Structures are given as C-alpha cells and as structure tokens.
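All remarks here apply to the structure that follows.
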Amino acid sequence: PALLQQVTKALWEVPDLIGGLVERSDEIRGVAARFAESKSLLYLGRGLHFPLALEGALKLKEISYIHAEGYAAGEMKHGPIALIDQQMPVVVIAPVGPTHEKMCANIEEVKARDGIVVALAEEGDREIEAKADVVIPVPAASYWIQPLLVSPPLQLFAYHLGVLRGCDVDQPRNLAKSVTVE
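If you read the sequence shown in our numbering, its first letter stands for residue 165, the second for the next number, and so on.
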C-alpha cells in the first residue's frame with residue numbers, strides 16, 4: 165500500500181513535470197544539432213527503460229531517417245559494442261534507480277571505445293554528468309514514474325533531428341498510421 169500511495173501521489177505531478185520538459189525544447193534542439201550529421205545512433209536502456217530505448221530509436225528512424233537501434237544495455241557486449249566509435253553516438257537512459265550503477269558501467273565501456281554518450285539522467289546526477297558527453301536532464305521522480313518523464317525528451321530529440329535534417333516530421337515518408345495484420 166505504501167508504494168501504491170507513493171506512485172499515485174507522483175502521478176499527480178507528472179503533467180507539470182512534462183510541461184517543464186517541453187519548456188526545455190530549445191536545450192534539446194541544441195543537443196540534437198550536434199548529431200544532425202550522424203548516420204547511426206545506438207540507444208541503451210535497462211529495466212523499465214529498455215522499452216524506451218527501443219521507442220527512442222524507432223521514433224528517430226521514423227522522422228529523421230537516421231539509422232538507430234535500441235538495445236538492452238546488458239546485451240551491449242553481444243554485437244553493438246563492435247560498432248561504437250565517434251561516428252556512432254550512444255543515447256543512454258540512465259535515471260537514478262536499481263540499474264544506475266550498471267548504466268554508469270555501460271557509459272564507461274562506451275567511452276573506453278571513444279564513443280560519444282548522450283545521457284538522459286536526473287537533474288543534478290553528478291556521476292552521469294562526469295561520464296557523459298552531453299546530458300539531457302529529466303526531473304527526479306519515483307522509479308515507476310521515470311519512464312513517463314524520459315519519453316518526452318526522447319521524442320523531442322528525434323523531432324529536432326528530423327527538423328534540422330529538413331525532414332517532414334508531420335508526414336514522414338512510408339509511415340502507416342496503423343498496422344494491419346493479414
């Protein structure tokens with residue numbers, strides 16, 4: 165019951181927190197500008213944030229036409245690590261929580277291969293700020309609420325990359341509005 169009450173209370177704060185993230189759109193545009201010429205990006209997440217890595221990569225592909233792959237950070241050594249260098253920026257979803265220490269280790273592995281790290285991390289996370297090349301800050305929140313606060317910056321990052329590359333982000337090419345199963 166205590167966790168349920170904590171999460172319920174935190175949910176009431178989400179609209180205001182997301183509003184604050186949207187107000188940071190110009191900051192996120194500045195980050196996106198650094199990567200407008202990139203050919204590929206790798207997205208890493210753990211636990212609740214792994215699906216966000218998949219969605220972030222998908223959104224980037226759909227509206228900016230940049231190749232992107234989302235991976236479970238624990239699987240980084242099984243393929244993606246071979247591709248990491250300065251030409252393959254890595255977007256890491258690293259909020260404070262049970263996976264934080266392992267995400268820090270993933271960042272160190274990327275940096276050891278001269279990779280460029282864009283981290284989505286809680287505001288004031290000095291450990292991530294010291295390790296990553298760029299940090300897109302998200303508000304501190306309950307672990308169970310964090311995915312709701314990571315999603316808007318991922319979407320804004322993809323949106324701004326698409327706009328900067330001259331893509332029609334309102335009507336992406338070859339994108340169906342629905343999926344039909346035959």
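All residues carry an ideal CB built from backbone N, CA and C; glycine is no exception. Treat the numbers as computed from the prediction; the structure is a model and nothing was measured.
Answer yes or no: do residue i and residue j have a C-beta to C-beta separation smaller than 8 Å?
i: LEU208; j: VAL282; result: no
i: VAL254; j: ILE280; result: yes
i: ILE230; j: HIS324; result: no
i: LEU175; j: VAL302; result: no
i: ALA237; j: ARG210; result: yes
i: TYR235; j: ALA258; result: no
i: ALA304; j: GLU287; result: yes
With a threshold of 16 other CB atoms inside 10 Å of the CB of residue i, please say whether the residue is buried or exposed.
i: LEU167; result: exposed
i: GLU239; result: exposed
i: ASN338; result: exposed
i: ALA196; result: buried
i: VAL314; result: buried
i: VAL274; result: buried
i: ASP289; result: buried
i: PRO316; result: buried
i: VAL299; result: buried
i: ALA296; result: buried
i: THR263; result: buried
Report back the beta-carbon spacing between residue i and residue j to the nearest angstrom; my notes put them in contact at under 8 Å.
i: LEU224; j: ALA322; result: 4 Å
i: LEU328; j: ALA200; result: 4 Å
Report all residues from its chain with a CB closer than 6 Å to the CB of residue i; omit the five preceding and five following residues, and keep chain order.
i: LEU212; result: PRO311
i: LEU318; result: GLY220
Below 7 Å, is the gap between the Cβ of residue i and the nearest heavy atom of the ligand FMN?
i: LYS241; result: This structure does not include the ligand FMN; it has no bound ligands of any sort.
With a threshold of 7 Å on Cβ separation, who are the neighbours of residue i within its own chain once the five nearest residues in sequence on each side are excluded?
i: ALA232; result: SER204, LEU205, TYR207, ALA221, LEU224 and LYS225
i: GLY326; result: ILE227, SER228 and VAL333
i: CYS331; result: ILE227, SER228 and TYR229
CB-CB under 8 Å to residue i, same chain, minus the five flanking residues each way: which ones, in chain order?
i: ARG277; result: ILE245, ILE248 and ASP249
i: ALA294; result: none
i: LYS266; result: ARG210, ALA237 and GLY238
i: VAL171; result: SER306, TRP308 and ILE309
i: GLN251; result: SER202, LYS203 and SER204
Any beta carbon from chain B within less than 8 Å of residue i's own beta carbon?
i: GLY238; result: This model lacks chain B altogether, as it is built from one protein chain only.
Problem set entry | Contact between the region 301-317 and the region 165-183 (3+ Cβ pairs under 8 Å) | yes
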